[in-house]
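Participant: Below: one structure in structure tokens.
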Amino acid sequence: MDIYIKLQQKKNINLRKSYMNNLIINSFFNIRKLHKKTGDSAIEIANLSSGEKQKALIDISHRLLKNHRKDGKNLIIAIDEPESSLHISACFEQFRALFDISQDCRQVIFSSHWYGFLPIISKANVCIISKNENSNNHLFDLIDLVNYREQINHQIRYSKGKQPYHINIKGTTDLSQSMITSIISDVPYNWIIYEGTSEKIYFEKYFEREIKDNRLRIIPVGGARKVKELYRNLINPYEDIKENMGISNDKELGKIFLLTDTDSEFIDYETLDKYENVIRWRRIVNKENRTQLVKINSNPKSPETEIEDCLNGKLFVKTISEFKNEYEKLADIIKCENEYSEEISSYALDLRASEKSILKEFFDDKNGENKILFAENYIKLMTEENYIIPEWINEIKEFFREE
9 MDIYIKLQQK KNINLRKSYM NNLIINSFFN IRKLHKKTGD SAIEIANLSS
59 GEKQKALIDI SHRLLKNHRK DGKNLIIAID EPESSLHISA CFEQFRALFD
109 ISQDCRQVIF SSHWYGFLPI ISKANVCIIS KNENSNNHLF DLIDLVNYRE
159 QINHQIRYSK GKQPYHINIK GTTDLSQSMI TSIISDVPYN WIIYEGTSEK
209 IYFEKYFERE IKDNRLRIIP VGGARKVKEL YRNLINPYED IKENMGISND
259 KELGKIFLLT DTDSEFIDYE TLDKYENVIR WRRIVNKENR TQLVKINSNP
309 KSPETEIEDC LNGKLFVKTI SEFKNEYEKL ADIIKCENEY SEEISSYALD
359 LRASEKSILK EFFDDKNGEN KILFAENYIK LMTEENYIIP EWINEIKEFF
409 REE
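Residue numbers (the working numbering): 9 to 411.
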């Protein structure tokens, strides 16, 4: 046996990402000969571009995990640069798929140079790797995305402005570039941008048909100032594309609707009216017995109005009643014997100042977690009866239908 030796091919001495990808693709796809449907035709997976192949791997992994595995509690999935070779307009969908996968397994780990996921994913930790200017060593900063902007600002102050100053900028810039590219693509996307996570729950229910049929995507960005920052990063490149590069008036475009509350932290900003048919920013405010969608810098600027003030009144009362056992004070403001109307919740309840404080305490409890619990119960009860959709929701729907 001494006359036989093992010769390893030089190209495989180093285990590379491309080699592993090809190994998986060859082992999995060649047996099953999977194809990607594109209209009436189909393309074999092996003939896709490298970016599309990686997307196919993620899509299939998600479906196998979702439909053919009892649970993923012992499964950890690692992906290197999921945005690699993808068109910028496809990056958001790729990272949204990763977030969905993370809900069905123990953990998802990925490396990336695309920062656009930072403003839109809250349940994650990010390790930022940077090089120390004074040595050859690298620095590792672990940041919780729940409040990543605050943590980054603290580190900037602590390091006297040296790092990681670019993270906030890159996150918003990458996301806005992906959104702009997506609304002018051949098959455009539509977007709703709002402040918080609880609003996303309501919108995904009220706009479920638009999500399915019109490629509508809903993103909470964590506050009115972040909505303003994103609007600024959207409108400037769109204006440049529209005026300098040219977009045919006949071309079908996606649309972006940005929405903020009316609160004590009032955001005043001059929007560009000439592009409102594509990118529109509105503020909700309750006035004259209805919820109005007004321009950011327009009147009225009071009273303070949040989405919980603008829901179906009858359904709101039915939902809040489910929390009365845990929060006994709620029984003082919700009377089961009363017949509440389906006008917006703020007017249907018609609360005194002291009663509004009780309701505010409930929503603010558990660091605002009650807002999410309430929203989840609200949409669950919504399916039990044919409730009237609030007028302002229909106004937003109409915006996406306008030519």
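Glycine included, C-beta positions come from ideal geometry on N, C-alpha and C.
Note that the structure is predicted; figures quoted are calculated from it, not measured.
Could you give the C-beta distance for phenylalanine 8 and isoleucine 201, rounded to a whole number, given that I count them as a contact under 8 angstroms?
Facilitator: Residue 8 is absent from the model: the chain starts at 9 and stops at 411.
Participant: Starting from arginine 409 and walking both ways along the alpha helix (DSSP H), at which residues does that stretch end?
Facilitator: Residues 399 to 409.
Participant: Output yes or no for whether 7 angstroms exceeds the beta carbon distance between phenylalanine 100 and phenylalanine 265.
Facilitator: No, the Cβ-Cβ distance between phenylalanine 100 and phenylalanine 265 is not below 7 angstroms.
Participant: Hey, could you find the ends of the alpha helix (DSSP H) leucine 338 is sitting in?
Facilitator: Counting along the chain, leucine 338 falls outside any alpha helix (DSSP H), and DSSP gives it neither H nor E.
Participant: Determine the burial state of arginine 290: buried for a count of at least 16 other Cβ atoms within 10 Å of its Cβ, exposed for fewer.
Facilitator: Result: buried.
Participant: With a threshold of 8 angstroms, are at least 3 pairs of Cβ atoms found where one atom belongs to the segment 323 to 342 and the other to the segment 376 to 392?
Facilitator: Contact between the segment 323 to 342 and the segment 376 to 392 is present, because at least three Cβ pairs lie under 8 angstroms.
Participant: Starting from asparagine 244, trace the alpha helix (DSSP H) in both directions and tell me its first and last residue.
Facilitator: Element bounds for asparagine 244: 232 to 248.
Participant: Which runs of the beta strand (DSSP E) spanning at least 3 residues fall entirely within the segment 179 to 233, listed in chain order?
Facilitator: 198 to 202, 224 to 228, all fully within the segment 179 to 233.
Participant: Taking glycine 47 as the reference, give the member of Glu237, Lys379, Ile249, Val195 with the closest Cα.
Facilitator: The residue with the shortest Cα to Cα distance from glycine 47 is Val195.
Participant: If we count the other Cβ atoms within 10 Å of its Cβ and call it buried at 16 or more, is lysine 131 buried or exposed?
Facilitator: So lysine 131 counts as exposed.
Participant: Nearest-angstrom Cα distance between asparagine 133 and lysine 374?
Facilitator: Rounded to whole angstroms, asparagine 133 to lysine 374 spans 21 angstroms at the Cα level.
Participant: Please name the residue, chosen from Ser120, Ser349, Glu207, that lies closest to isoleucine 292 on a Cα-to-Cα basis.
Facilitator: If we check each option's Cα against that of isoleucine 292, Glu207 comes out closest.
Participant: Alpha carbon to alpha carbon, what distance is there between leucine 381 and isoleucine 85?
Facilitator: Cα to Cα, the separation comes out at about 29 angstroms.
Participant: Is there a Cβ of chain B sitting closer than 7 angstroms to that of isoleucine 66, yes or no?
Facilitator: The question asks about chain B, but that chain is absent: this structure has only one protein chain.
Participant: Would you check if the segment 326 to 335 and the segment 296 to 304 touch, i.e. whether three or more CB-CB distances between them fall below 8 angstroms?
Facilitator: Too few Cβ pairs lie closer than 8 angstroms, so no.
Participant: Hey, which unbroken runs of the beta strand (DSSP E) at 3 residues or more fall wholly within the segment 269 to 350?
Facilitator: Runs of the beta strand (DSSP E) inside the segment 269 to 350: 287 to 295, 298 to 302.
Participant: Given a cut-off of 7 angstroms, decide if phenylalanine 371 and lysine 379 are closer than it, judged by their beta-carbon atoms.
Facilitator: In contact: lysine 379 and phenylalanine 371 (Cβ atoms closer than 7 angstroms).
Participant: Among all the DSSP beta bridges, which residues are the ones paired with glutamate 52?
Facilitator: Looking at the DSSP assignment, glutamate 52 forms a beta bridge with His43.
Participant: Relative to the C-alpha of serine 186, which candidate in Glu347, His95, Met28 has its C-alpha closest?
Facilitator: Considering only alpha carbons, the answer is His95.
Participant: For methionine 9, which residues in the same chain have their Cβ closer than 6 angstroms to its Cβ, ignoring the five residues on either side in sequence?
Facilitator: Residue confidence for methionine 9 is low, a pLDDT of 46 falling below 50, so the modelled location carries little weight and cannot support an answer.
Participant: Can you tell me where the alpha helix (DSSP H) with aspartate 373 in it begins and where it stops?
Facilitator: Note, aspartate 373: premise wrong, no alpha helix (DSSP H); not H, not E.
Participant: Note down the Cα distance separating arginine 223 from serine 49, rounded to an integer number of angstroms.
Facilitator: Going by the C-alpha atoms only, they are around 21 angstroms apart.
Participant: So, for glutamate 218: in the same chain, excluding its five sequence neighbours on each side, which residues have a beta-carbon less than 8 angstroms away from its beta-carbon?
Facilitator: So the qualifying residues of the chain are Asn198, Leu224, Lys405, Phe408.
Participant: Mind checking which residues open and close the beta strand (DSSP E) that includes cysteine 99?
Facilitator: Segment 99 to 110 is the alpha helix (DSSP H) holding cysteine 99; no beta strand (DSSP E) there.
Participant: From what residue to what residue does the alpha helix (DSSP H) around lysine 131 run?
Facilitator: First-last for lysine 131: undefined, no H or E at that position.
Participant: Which value, in whole angstroms, describes the spacing of the CA atoms of tyrosine 27 and asparagine 34?
Facilitator: Roughly 10 angstroms between the two C-alpha positions.
Participant: Could you tell me which of Pro90, Gly80, Lys74, Asp79 sits nearest to alanine 64, measuring between CA atoms?
Facilitator: The option with the nearest alpha carbon to alanine 64 is Pro90.
Participant: Given a cut-off of 7 angstroms on the beta-carbon distance, is the pair alanine 232 and isoleucine 192 in contact?
Facilitator: Contact flag unset, no.
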